[in-house]
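A.B. asks: Next up is a structure, given as structure tokens.
Chains as they are written, first to last, in this note's numbering: chain Z, 171 to 677; chain L, -19 to 231.
Laid out in structure tokens, this is it:
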């Protein structure tokens, strides 16, 4: 254990620890910040919000994005909502309850001080996003609307229909573009990070490739912030976007940054299953469907009849059978595990026996087709578009799929990795979700890291660590450039005949 | 019931694809044939399959933009038989599935064409002009930490829903590509309407309207002549009524 770095946890009682430690953090004068350059990799919720905030504070910020525009980052695809402990409804929610839910949801494997900090910051995130013009859903009276989400007994999830991630990302993106216009952020799109540049063990920049010209570039800075998302795409079929390739955190890890909890991957139970070997990814269907859909499989293995031909007493509503209290709303990880076990035992349906039925029949009989269609309109449409089946006639087929990674690069309480000067934000770090993330907490964590935590802790670190500017052709830069070049050269020498995707598919 | 078994069959397609090595060289259509591909695949997955075949024969794969493949990131987009994002309404091209095409059909794929979207390669164009439109004023000027309580401003449910409907624009550029003037009016109107309908957007409302429309001209986008093609192809079905609203805004 002695080789583990110090997590820099705050002293004293956990409540208000963030406020106390933030007030004690050293500052840097805005005039001096003008001469300090920060490198932010990634433009999702964490990256865009951090870059915008740091630029507002006066730093020179250079932003690298793998995409053609910052607005494409995969945060855009998050559907459900964002948690915040605002206690606006009188259902007894509080900071300590959000803290406890986060910790319990993560099977007590999360860092308590971090969870507490997240719960304390959560409310300010909503205020910030509202001020940016994020069109959150509102009650008739004009106040912010909330709904409840899996793993919580209170209503604390703020949302913008089923596109909350998109709206929050556009808020951060617009704040970022405002800083680009002001000349404080230099935005470089279509760049892929290939190497980390370290000087005396301190992260000082990256080597990246311009994806259009192929040219290798050196970017140096006083500190580097990685906000490049998770690694669900190590699985060929996940719900992640195809460009979410995890290459930046992998490079950092190869160069010595510790990686924590890599096995903690969230498998989401309700995805549209795979149909064809050339299918490239899976699409998530909101978990909310489990409120009205009953999940079942044929009771006897190898039953190949069409679902309508299987009589009621030969159907196994396995979640209702195994978990009478939760029924079809059993927690994500539990529902995913049971579905997979039964499919492995030969009960699965669809191509390769790799799916289970989610059946709206009884809900439609109870409440009428129109009510169900109004409730889940866009989801049912999306399912029909992808599968070709009408889910109000035929049970939907779903299957679990990798969706989010709780693990990531190890960071201390100030979000710095085990390489000094390398900060890691959002899903890319391992932080506050323990072994299992609560629904609607990913957006909260990304924005807490970017808007509020990193801007304070990066400044504190810089104030105590003078980092003289290094030239682009300094020995450390030349060496990193050479490592990137020789790796690319070796790949070109490979002489194989298989396309890249063939390897990924086999994995 | 067709695809329940995952065997709604397969089909063959003729693809006529715009091939252009780089912006400096002229492009041309090339024809490819895809034999017996699964009807449950998306058009982009069919292109993935074509590209694997091209790689195997040593030819450069067809370059097209894509990322989330569920219609929300706005990366993908090209014309399919002359229609931006293809024949299906309210869909981006990544959500177009082969089962809706006839066996043996010929699909012509070409990139967005607009002065403000310079070509890069094949079906890919440079759309950073849209980012510069946002940078010109598509935001509320509020620094982190300056925000008042989110409930201090009451916003009616319908007002919030209407602002949301315009905020759903994914920045794909289909409106520009389908407009005979290559105008970005729907894109700009959607952003002005999103912020202009909310109290947070009021202090900068006039300045924003003027700055974004000036930038639109500076980027080389045309003006609107009310053909409403933009609304017809918009994957998020944003109403072109907001363009008339925008014209009143700038005054």
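Cβ coordinates follow ideal geometry from the N, Cα and C atoms, glycine included.
Can you list, in chain order, the residues of the region 0 to 23 of chain L whose Cβ is nearer than 7 Å to any Cβ on chain Z?
C.D. replies: 18, 20, 21
A.B. asks: Which chain Z residues sit within Cβ distance under 7 Å of residue 122 of chain L?
C.D. replies: 301, 302
A.B. asks: Would you kindly work out how many angstroms separate the C-alpha atoms of residue 147 of chain L and residue 341 of chain Z, rounded to a whole number?
C.D. replies: For residue 147 of chain L and residue 341 of chain Z, the distance between alpha carbons rounds to 10 Å.
A.B. asks: Just to confirm the assignment: which complete alpha helix (DSSP H) runs, minimum length 4, are found wholly within the region 291 to 375 of chain Z?
C.D. replies: DSSP runs (the alpha helix (DSSP H)) wholly in the region 291 to 375 of chain Z: 334 to 351.
A.B. asks: Taking 8 Å as the CB-CB cut-off, is residue 314 of chain Z touching chain L?
C.D. replies: yes
A.B. asks: Which class does residue 441 of chain Z belong to by DSSP, given the choice of helix, strand or coil?
C.D. replies: strand
A.B. asks: Comparing the C-beta of residue 196 of chain Z with each C-beta of chain L, is any distance below 8 Å?
C.D. replies: Residue contact check for residue 196 of chain Z against chain L: no CB pair falls below 8 Å.
A.B. asks: Say whether chain Z places a C-beta atom closer than 8 Å to the C-beta of residue 135 of chain L.
C.D. replies: yes
A.B. asks: Is there a Cβ of chain Z sitting closer than 8 Å to that of residue 55 of chain L, yes or no?
C.D. replies: yes
A.B. asks: Sorted by chain position, which residues of the same chain lie with C-beta nearer than 7 Å to residue 0 of chain L's C-beta, five sequence neighbours on each side aside?
C.D. replies: Excluding positions up to five away in sequence, the list reads 7, 99, 101, 102.
A.B. asks: On the criterion of 16 or more Cβ atoms from any shown chain inside 10 Å, does residue -18 of chain L qualify as buried, or is it exposed?
C.D. replies: Note on residue -18 of chain L: pLDDT 36, under 50, position unreliable in the model; the coordinate value appears next. Exposed.
A.B. asks: Which residues bound the alpha helix (DSSP H) around residue 507 of chain Z?
C.D. replies: 502 to 514
A.B. asks: From residue 203 of chain Z to residue 354 of chain Z, what does the alpha carbon distance come to, in whole angstroms?
C.D. replies: Each residue's Cα considered, the two are about 11 Å apart.
A.B. asks: If you scan the region 85 to 144 of chain L from start to end, which runs of the beta strand (DSSP E) of 3 or more residues do you find wholly inside it?
C.D. replies: 86 to 90, 99 to 101
A.B. asks: Can you grab the Cα-Cα spacing for the pair residue 343 of chain Z / residue 337 of chain Z, in whole Å?
C.D. replies: 10 Å
A.B. asks: Around the Cβ of residue 278 of chain Z, are there at least 16 other Cβ atoms within 10 angstroms (buried) or fewer (exposed)?
C.D. replies: exposed
A.B. asks: Would you be able to state if there are at least three C-beta pairs under 8 Å between the region 229 to 239 of chain Z and the region 261 to 277 of chain Z?
C.D. replies: no
A.B. asks: For residue 253 of chain Z and residue 598 of chain Z, which I take to be in contact (beta-carbon distance under 8 Å), what is that distance rounded to the nearest angstrom?
C.D. replies: 20 Å between Cβ atoms; not a contact.
A.B. asks: Taking only runs that begin and end inside the region 192 to 238 of chain Z, name each unbroken beta strand (DSSP E) of 3 or more residues, in chain order.
C.D. replies: 207 to 211, 230 to 234
A.B. asks: In whole angstroms, what separates the C-alpha of residue 180 of chain Z from that of residue 137 of chain L?
C.D. replies: 42 Å
A.B. asks: Name the chain Z residues that come within less than 7 Å of residue 66 of chain L, Cβ to Cβ?
C.D. replies: Near residue 66 of chain L there are no residues of chain Z at all, since even the closest Cβ is about 12 Å away, more than 7 Å.
A.B. asks: Roughly how many whole angstroms lie between the Cα atoms of residue -14 of chain L and residue 520 of chain Z?
C.D. replies: Low confidence applies here, because residue -14 of chain L scores a pLDDT of 42, under 50, leaving its location unreliable; read the following figure in that light. Cα-Cα distance, rounded: 7 Å.
A.B. asks: Does any residue of chain Z bring its CB to less than 8 Å from the CB of residue 111 of chain L?
C.D. replies: Yes, its Cβ sits closer than 8 Å to a Cβ of chain Z.
A.B. asks: Based on the DSSP output, what are the partners of residue 453 of chain Z in its beta bridges?
C.D. replies: Z/442
A.B. asks: Give the DSSP-derived three-state secondary structure of residue 581 of chain Z in the structure shown.
C.D. replies: It is coil, neither helix nor strand.
A.B. asks: Beta-carbon separation of residue 240 of chain Z and residue 270 of chain Z under 8 Å?
C.D. replies: Judged by their CB atoms, residue 240 of chain Z and residue 270 of chain Z are not nearer to each other than the 8 Å cut-off.
A.B. asks: Could you give the first and the last residue of the continuous beta strand (DSSP E) run that contains residue 11 of chain L?
C.D. replies: 8 to 18
A.B. asks: Could you tell me whether the region 298 to 317 of chain Z touches the region 76 to 85 of chain L, using the rule of 3 or more Cβ pairs below 8 Å?
C.D. replies: Output reads no: the region 76 to 85 of chain L does not touch the region 298 to 317 of chain Z.
A.B. asks: For the region 565 to 574 of chain Z against the region 352 to 368 of chain Z, do three or more pairs of beta-carbon atoms, one drawn from each stretch, fall closer than 8 Å, so that the two count as touching?
C.D. replies: no
A.B. asks: Along the region 181 to 207 of chain L, where does the CB come closer than 8 Å to a CB of chain Z? Name the residues.
C.D. replies: If the cut-off is 8 Å between Cβ atoms, the region 181 to 207 of chain L has 181 near chain Z.
A.B. asks: In chain order, what residues of the same chain have a beta carbon less than 8 Å from the beta carbon of residue 589 of chain Z, not counting five sequence neighbours either side?
C.D. replies: 366, 368, 371, 372, 373, 422, 425, 426, 427
A.B. asks: Going by other Cβ atoms of all chains shown within 10 Å of its Cβ, with 16 needed for buried, is residue 436 of chain Z buried or exposed?
C.D. replies: buried
A.B. asks: Report the neighbours of residue 174 of chain L on chain Z: residues whose CB is nearer than 8 Å to its CB, in chain order.
C.D. replies: Listed along the chain, the chain Z residues whose CB falls inside 8 Å of the CB of residue 174 of chain L are 303, 305.
A.B. asks: Exposed or buried, residue 228 of chain L, counting other C-beta atoms within 10 Å across all chains shown (16 or more means buried)?
C.D. replies: Using a 10 angstroms sphere on the CB of residue 228 of chain L, the tally of other CB atoms stays under 16, which defines it as exposed.
A.B. asks: Give me, in chain order, the residues of the same chain whose beta-carbon lies closer than 6 Å to that of residue 467 of chain Z; leave out the 5 immediate sequence neighbours on both sides.
C.D. replies: 486, 512, 517, 526
A.B. asks: When the Cα atoms are used, what is the spatial distance from residue 132 of chain L to residue 286 of chain Z?
C.D. replies: 26 Å
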